[in-house]
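Engineer: One structure, as structure tokens, below. Some questions next.
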Amino acid sequence: MLQRAFSGIIFVTILVFATLYSSITFYILFFFFMLVAIHEFQKLSNYKTPFFNILGIFSFLLSAGSITILKEHFNLSNYISVTEINAAFIYVLLFLAFLIVLFKRVNKSPFMDLGIVFLTYLYAILPFTIIIAIPFCNATNTYEGTTFLGCIILVWSTDTFAYLTGKSIGKTKLFERISPNKTVEGSVGGLLFTLITASILSIYFTQFSLLQWLGLSLVISIFGSLGDLVESMFKRAANIKDSGNLIPGHGGVLDRFDSLVFASPFIYFYLQLIS
35 MLQRAFSGII
45 FVTILVFATL
55 YSSITFYILF
65 FFFMLVAIHE
75 FQKLSNYKTP
85 FFNILGIFSF
95 LLSAGSITIL
105 KEHFNLSNYI
115 SVTEINAAFI
125 YVLLFLAFLI
135 VLFKRVNKSP
145 FMDLGIVFLT
155 YLYAILPFTI
165 IIAIPFCNAT
175 NTYEGTTFLG
185 CIILVWSTDT
195 FAYLTGKSIG
205 KTKLFERISP
215 NKTVEGSVGG
225 LLFTLITASI
235 LSIYFTQFSL
245 LQWLGLSLVI
255 SIFGSLGDLV
265 ESMFKRAANI
275 KDSGNLIPGH
285 GGVLDRFDSL
295 VFASPFIYFY
305 LQLIS
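So the number in our numbering is just where the residue sits in the sequence shown, counting from 1, plus 34.
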């Protein structure tokens, strides 16, 4: 219990510091998280190849978030077109995906192999390239660490209060086949308390209005809960309790960020819409 509490405090401290200090520290931290997530998902899928790391590195470096950070720190706005980079990114992705399957030693089914490659990309790589763009979702496209910090607080609020409400009054199973302990009452409780949390955030993080924070809390609660179920599905299929052990007592990167991984595209699109 003491180890779990200590490792949790260390994890939260590093995450908050890296997020608020600068876009570079935030970028480096989530680049590291992505590489760990790739390793963890290879364990879940039982499909291991070093090419996934290459795919992840290329994807991260060619993402819109990376280009925005480069422009912010190195004044490259006249030399880099995000549209051209995105086009190149798609070609690189397709090339590396087929390369991974082509050089796999045991290649029983290239169709299944390609499916695993693209699933790895969609689940363990793409979300992290989107996450690094979330703090830039504002009218001026400048780095705002509190935007991401607010998202994380809402994710944790949903998870924590869904658990507490479910433990207290939960009776109706939400998705027993995938996650027997989750209840409808817990999910509703998590949503309601997250709306309250969003109301409090709007007082301190004023880049968004109260209504915008409430809308964001709905997006995070709904899609974050689905992400939690998806991660449970993968772990149940792999017959493992945790996807990794990076954070003692808390599991791995995919365990801690399962809600955010699934919700990140929807968070990004919502923030783009309101900003």
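Cβ atoms here follow ideal geometry from the backbone N, Cα and C, with glycine treated the same way.
Are residue 269 and residue 78 close, meaning C-beta to C-beta below 8 Å?
Structural biologist: Mapped onto the sequence shown, residue 269 falls at position 235. Mapped onto the sequence shown, residue 78 falls at position 44. Yes.
Engineer: Output yes or no for whether 8 Å exceeds the beta carbon distance between residue 296 and residue 253.
Structural biologist: As a first step, residue 296 must be located in the sequence shown, where it is residue number 262. As a first step, residue 253 must be located in the sequence shown, where it is residue number 219. Taking 8 Å as the Cβ cut-off, residue 296 and residue 253 do not qualify as a contacting pair.
Engineer: What residue ranges within the stretch 146–184 form continuous alpha helix (DSSP H) runs of no fewer than 4 residues, ordered along the chain?
Structural biologist: Within the stretch 146–184, the complete alpha helix (DSSP H) runs of at least 4 residues are 160–165.
Engineer: Over what stretch of residues does the beta strand (DSSP E) that includes residue 213 continue unbroken?
Structural biologist: For the purposes of this step, residue 213 is identified with residue 179 of the sequence shown, where counting begins at 1. Its beta strand (DSSP E) spans residues 213–217.
Engineer: By DSSP's criteria, residue 285 is part of a beta bridge. Which residues make up the other side?
Structural biologist: Working through the sequence shown from its first residue, we reach residue 285 at position 251. Answer is 281.
Engineer: Could you please give the first and the last residue of the uninterrupted beta strand (DSSP E) stretch that includes residue 208?
Structural biologist: What you label residue 208 is simply residue 174 of the sequence shown in a count that begins at 1. 207–209 is the span of the beta strand (DSSP E), which, as asked, contains residue 208.
Engineer: With C-beta atoms as the reference, is residue 239 less than 8 Å away from residue 166?
Structural biologist: Start at 1 with the first residue of the sequence shown, and residue 239 comes out as number 205. Start at 1 with the first residue of the sequence shown, and residue 166 comes out as number 132. Contact flag unset, no.
Engineer: From residue 171 to residue 152, what does the alpha carbon distance come to, in whole angstroms?
Structural biologist: Within the sequence shown, numbered from 1, the residue matching residue 171 stands at position 137. Within the sequence shown, numbered from 1, the residue matching residue 152 stands at position 118. Cα-Cα distance, rounded: 26 Å.
Engineer: Below 8 Å on the Cβ atoms is my contact criterion, and I expect residue 92 with residue 163 to pass it. Report the Cβ-Cβ distance as a whole number of Å.
Structural biologist: Counting from 1 along the sequence shown, the entry for residue 92 is found at position 58. Counting from 1 along the sequence shown, the entry for residue 163 is found at position 129. Rounded, the Cβ-Cβ distance is 10 Å, inconsistent with contact.
Engineer: Given this structure, state the Cα-to-Cα distance separating residue 244 from residue 184, to the nearest angstrom.
Structural biologist: As a first step, residue 244 is located in the sequence shown; it is residue number 210 there, counting from the start. As a first step, residue 184 is located in the sequence shown; it is residue number 150 there, counting from the start. Near 13 Å, if we compare the C-alpha coordinates of residue 184 and residue 244.
Engineer: Would residue 173 be called buried (16 or more neighbouring beta carbons within 10 Å of its own) or exposed?
Structural biologist: Numbered from 1 along the sequence shown, position 139 holds the residue referred to as residue 173. By the 10 Å Cβ count, residue 173 comes out exposed.
Engineer: Evaluate residue 191 with the Cβ neighbour count: other Cβ atoms within 10 Å of its Cβ, from every protein chain shown; 16 or more gives buried, anything less gives exposed.
Structural biologist: In the sequence shown, the residue the question calls residue 191 occupies position 157. Result: buried.
Engineer: Quick check on DSSP: helix, strand or coil for residue 204?
Structural biologist: Along the sequence shown, read from residue 1 onward, the residue named residue 204 stands at position 170. If DSSP states are grouped into helix, strand and coil, residue 204 belongs with coil.
Engineer: Kindly confirm or deny that the stretch 228–239 and the stretch 210–218 touch, where touching means at least three C-beta pairs closer than 8 Å.
Structural biologist: With the cut-off at 8 Å, the stretch 228–239 and the stretch 210–218 do not touch.
Engineer: With DSSP collapsed to three states, give me the class of residue 275.
Structural biologist: Reading the sequence shown from its first residue, position 241 is the one you call residue 275. Reduced to three states, the DSSP call for residue 275 is coil.
Engineer: If contact is defined by three or more beta carbon pairs under 8 Å, each pair taking one atom from either stretch, is the stretch 273–284 in contact with the stretch 60–75?
Structural biologist: As far as the Cβ criterion goes, the stretch 60–75 touches the stretch 273–284, which means the pair count is three or higher.
Engineer: Below 7 Å, is the gap between the Cβ of residue 157 and the nearest heavy atom of the ligand SAH?
Structural biologist: The model on display carries no ligand, and the ligand SAH is accordingly not part of it.
Engineer: Following the continuous alpha helix (DSSP H) through residue 299, name the residue where it begins and the one where it ends.
Structural biologist: Against the sequence shown, residue 299 aligns to sequence position 265. Looking at the DSSP string, the run of the alpha helix (DSSP H) that includes residue 299 is 292–308.
Engineer: Work out the CA separation of residue 255 and residue 157 for me, nearest whole Å.
Structural biologist: The sequence position of residue 157 within the sequence shown is 123, counting from 1. The sequence position of residue 255 within the sequence shown is 221, counting from 1. Their backbone Cα atoms lie some 19 Å apart in a straight line.
Engineer: Buried or exposed for residue 210, going by 16 or more other Cβ atoms inside 10 Å?
Structural biologist: Position 176 of the sequence shown holds residue 210. The residue in question, residue 210, is exposed, as its Cβ has fewer than 16 Cβ neighbours within 10 Å.
Engineer: In this structure, how does DSSP classify residue 97 when only helix, strand and coil are distinguished?
Structural biologist: Taking the first residue of the sequence shown as 1, we reach residue 97 at position 63. Coil, per DSSP.
Engineer: Using the C-alpha atoms, what's the distance from residue 259 back to residue 146?
Structural biologist: Taking the first residue of the sequence shown as 1, we reach residue 146 at position 112. Taking the first residue of the sequence shown as 1, we reach residue 259 at position 225. The alpha-carbon atoms of residue 146 and residue 259 are separated by roughly 28 Å.
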